[in-house]
Amino acid sequence: DELSRFAEIVRRGGELDGVRIMRPETLRAAVAPCRRLRPDLATGLAPMRWGTGYMLGSTRFGPFGRDSPAAFGHTGLTNVAIWADPERDLSVGVVSSGKPGRHREAGRYTDLLDRIAAEIPRAPRGGRR
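Below, the structure is given as structure tokens:
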């Protein structure tokens, strides 16, 4: 629950339940793109965009599902992910008992993240759902 609440804090620009946790400018700085989409050694050469504080989503590929350009957050090795997607009004915290490797179960993790993003549509431009 704490992971998803933290994701909700950053999705809302640094506040939750009327309490300011971080300044909006701190969050804006953390999601400012600082590296374009390209293979990343830290992620096993998976294409990744980075902000100064978070992994960033993309329209083509990203750690938070496909077609998630506004999403930002961070993943663990293969068993934890936290992200916010303001375009979907979505805050996610996932913890699993997965292990890294090339076994078929490892693919379920990325399938799950793709499925979460696919099931929740992006809000229309300029408006909320």
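Residue numbers for the sequence shown, in our numbering: 79 to 207. Note that beta-carbon positions come from the ideal geometry of N, C-alpha and C, so glycine has one too.
Secondary structure at residue i, three-state DSSP: helix, strand or coil?
i, result
"I198", "coil"
"L94", "strand"
"R182", "coil"
Name the two residues that bound the continuous alpha helix (DSSP H) containing residue i.
i, result
"F84", "80-89"
"L105", "102-109"
Quick check: what's the CA-CA separation for residue i versus residue j?
i, j, result
"S169", "A124", "23 Å"
"G135", "G143", "8 Å"
"I198", "R127", "22 Å"
"A107", "P141", "20 Å"
"P111", "R200", "21 Å"
"A149", "A196", "13 Å"
"R166", "R138", "17 Å"
Alpha carbons only, please: which of the options is nearest the one belonging to residue i?
i, options, result
"R114", "M100, P147, F84", "P147"
"L94", "T104, E103, R83, S175", "R83"
"G91", "V109, L81, G129", "V109"
Give, in chain order, every unbroken run of the beta strand (DSSP E) that is at least 3 residues long and sits entirely within the segment 129-169.
Scanning the segment 129-169 for uninterrupted beta strand (DSSP E) segments of 3 residues or longer gives 150-153, 158-163, listed from N- to C-terminal end.
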